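Taken in order, the sequence shown gives residues -11 to 282; the numbers are from the numbering used here.
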Amino acid sequence: MIVLGISDSITSGAAIVADGRVLAAVHEERLNRQKMSLGFPAASISEVLRIASLQMKDIDHVTVATNSLFWIPKPVKLEDYFRKSRGGQSRDLFLASGSLLAKWTGGNELSREVYHQVKSFLTRTRRSHIKETLSSNWGYSGELSFVNHHLAHCASAYFTSGMRDATAISLDGAGDGASSHVYNVRDGVFRLINKVDSYDSIGNYYAYVTHLCGFQAHKHEGKITGLAAYGKNSYADLLRDFIRYEAGKIRNVGGCFDWSAIKKLQQKIGDQFSLKPGAGRWSVRQCQIEPATP
Ligand SMILES: [Fe+2]
-11 MIVLGISDSI TSGAAIVADG RVLAAVHEER LNRQKMSLGF PAASISEVLR IASLQMKDID
49 HVTVATNSLF WIPKPVKLED YFRKSRGGQS RDLFLASGSL LAKWTGGNEL SREVYHQVKS
109 FLTRTRRSHI KETLSSNWGY SGELSFVNHH LAHCASAYFT SGMRDATAIS LDGAGDGASS
169 HVYNVRDGVF RLINKVDSYD SIGNYYAYVT HLCGFQAHKH EGKITGLAAY GKNSYADLLR
229 DFIRYEAGKI RNVGGCFDWS AIKKLQQKIG DQFSLKPGAG RWSVRQCQIE PATP
């Protein structure tokens, strides 16, 4: 069986797998020179077909990662995720709804459900757009399926691991309403045994801190993690008032999310360290980094 896999999320791209063997894989950013491009990867699809010396009529199945996502027809460079109006009005409305619901309700079960439904509503047209684009660009009208964001993460790790039985764990910012899935995998069969709601995402806190330090969220978290090794453990207690691990669960106890979390974090850090960051984000110059002791 020959499968074309597509990802239209951050760092979008395409791959062709034939009977479990990867024939070709490429990220859109390599073709359009737009770093961490997100959006429908039309150039990547054409490129993997070319590399594999195949035509769309040879493809048995097309599968797309993530069920619920904003439709971006032409890939764009990743810009600062939390800056308003960079990702379109739907994305802004989505961020605002999560931010306000968390602020008003503390993230109770009902508000989480409303939040997930809002995203589902705002992203509802993506599936039909993808189907139409595959048909109009390449004449494809065959099988098309969408795979849960975290199952896609775990499947890519499992099927390239060489293991028969495994525990597969994903842990990221968010995707399809969750920030983590844990699967028990036996001979290629995935059984979901645990998950963490996107509201309780510890990954999102990496994004908030990255943004507050003046870097780009969803892009520079690795830099922040590396720089943390050179710093002092000054913010641990403060962060535990926002997110913590207790009773076997990661819990967002701060009662905030997205924009409201950034605002509250900025306020608390300012209060604790008597800093006056002004209206904008923290400047990188305000971060005091000491050299590591040998
Ligand atoms: Fe992810």
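Even for Gly, the Cβ is constructed at its ideal location relative to N, Cα and C.
All figures in this text were calculated on a predicted structure; none of them were measured in a lab.
These are the residues, in chain order, with a beta carbon less than 5 Å from any non-hydrogen atom of ligand 1: Asp160 and Gly163.
Distance from the CA of Gly94 to the CA of Leu11, rounded to the nearest whole angstrom, comes to 47 Å. Bridge pairing for Ala154: Val173 [DSSP]. Across the structure, Tyr196 and Ser124 are spaced so that their CA atoms are roughly 40 Å apart. The DSSP assignment places complete beta strand (DSSP E) segments of no fewer than 3 residues inside the stretch 78 to 142 at 131 to 135, in order along the chain.
If you ignore the 5 residues before and after His15, its C-beta comes within less than 6 Å of the C-beta of Thr(-1) and Gly1, all in its own chain and listed in chain order. Between Arg232 and Arg239, the beta carbon gap of about 6 Å places them in contact (Cβ cut-off 8 Å). Counted as a single uninterrupted DSSP element, the beta strand (DSSP E) harbouring Lys237 occupies residues Lys237 to Asn240.
Per DSSP, Ile47 lies in no alpha helix (DSSP H) segment and is marked neither H nor E.
Counting along the chain, the unbroken beta strand (DSSP E) around Gly1 starts and ends at Gly1 to Ala6. Runs of the beta strand (DSSP E) lying entirely within the stretch 174 to 219 and spanning at least 3 residues, in chain order: 177 to 185.
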